[in-house]
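First up is the structure itself, then whatever we jot down about it.
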Amino acid sequence: MRKASQKKKLYSIYLKLFASFGPQHWWPAKTPFEVMVGAILTQNTNWANVEKAIAQLKQHKALAPKRIYHLSTSKLARLIKSAGYYNIKTKRLKAFLKFLFDHYRGEPNRMSRVPGQKLRSQFLSINGIGPETADSILLYALQKPLFVIDAYTKRIMARHGFIAEDCSYKDVQNLFMQNLKKEVKLFNEYHALLVRLGKEFCLKKNPKCRICPLK
DNA sequence: GACCAGGCACATC
DNA sequence: GATGTGCATGGT
C-alpha cells in the first residue's frame, strides 16, 4: 500500500468509526491511578471481569497508591481475583507500585512532566509491564501521544491488509504513529473505537470472521 | 465442555 | 529471533 493512500485510509476509517459509534469516553476510569491499575488487570482479560476487581478494590477503599502498596499479597490477590491470573497480577501491581514510590513518591501526577519516551522505557523495565500496558498508561492516564496496539487493533488491521498477521507490536504502532498527527485526543478515540469495532464485529480469533462495517 | 477475553515473562531451540 | 507455554476467572 502506498504511503499517501495509507494515510488517507487510516483517517477515513477513523471518521467512519466515529460516525457509527460516536465518542467512546476512554479510559473508563475516574483517576489516572485507576487507569494504571486497570491497565495491568486487563491483560488478556475480559473488561467485565476487571470491573468487578476494581469494584472490590473501591469497596475496600484500596484503590489508592499507598493502600495497594501496603496491602498484603494475599489480601490484594483476594480482591482482584475476578480479573483472573490473580497471583501474577498481584506481583505486577506490587512491582508497579514499588516503581511509583521509588521514583515518583507514590504520586502519579509527578510523572506528567516527564517526556513520554523516557517514561515508556522506565515502564518497560518493570516486570509485568509490556508495550501495551505501558502505552495504555502513557496515553490514557498521562496524556502522552502513544498509539496503543492491542489484539483487536492488530487483528483488524491485518484483516484489512494494512499489515501482516505476524508483524510486531512496533510495526503496527508505526503504522499509526507515522501516518497520523500525534494528538492525544485522536489516538485515544481511535484506539477505543477499534476496540469497540473488535468487540462488536470481529469478536473471535477465528480468521474466517471478516465482517467489515468499514467498507 | 469449548472457546474467548483490551498480555507478559520465561524456557527452549 | 521465533515459537511454545503457564498464568485463571467468568461469560457465551
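Just so we're aligned, residue 769 is where the first sequence starts under the numbering used here, counting upward by one. Each residue gets a CB set at the ideal place from its N, CA and C atoms; glycine is no exception.
Inter-residue CB distance, residue i and residue j (contact presumed, cutoff 8 Å)
i	j	result
I931	L943	6 Å
G884	A863	Rounded, the Cβ-Cβ distance is 21 Å, inconsistent with contact.
S850	N817	5 Å
P833	L910	Not quite, the Cβ-Cβ distance comes to about 15 Å (not below 8 Å), so this is no contact.
T921	L962	5 Å
M945	F969	At roughly 25 Å, the Cβ-Cβ gap does not stay under 8 Å, so M945 and F969 are not in contact.
L831	V805	7 Å
L933	D918	Correcting the residue identity first, residue 933 is Glu in this sequence and not Leu. At roughly 15 Å, the Cβ-Cβ gap does not stay under 8 Å, so E933 and D918 are not in contact.
Spatial distance of residue i from residue j (CA atoms)
i	j	result
L868	E875	7 Å
N855	L865	16 Å
N956	Y779	14 Å
I905	N812	16 Å
H871	K859	18 Å
K967	N814	11 Å
Q890	L907	15 Å
K777	A807	29 Å
A954	A926	Note that residue 954 corresponds to Leu in the displayed sequence, not to Ala. About 21 Å.
E951	A821	31 Å
N- and C-terminal bounds of the alpha helix (DSSP H) containing residue i
i	result
D939	937-945
R835	833-838
T901	899-904
H959	952-969
L785	771-789
Per-residue burial, residue i [other beta carbons within 10 Å of its own, 16 or more giving buried]
i	result
I979	Note on I979: pLDDT 49, under 50, position unreliable in the model; no value is reported.
Q827	exposed
R888	buried
H959	buried
Any non-hydrogen atom of the ligand FAD closer than 6 Å to residue i Cβ
i	result
Q885	Absence of the ligand FAD from the depicted structure is noted, as is the absence of any ligand whatsoever, leaving it without description.
Task: Every unbroken beta strand (DSSP E) inside the stretch 843-924 [3 residues or more] - done: none
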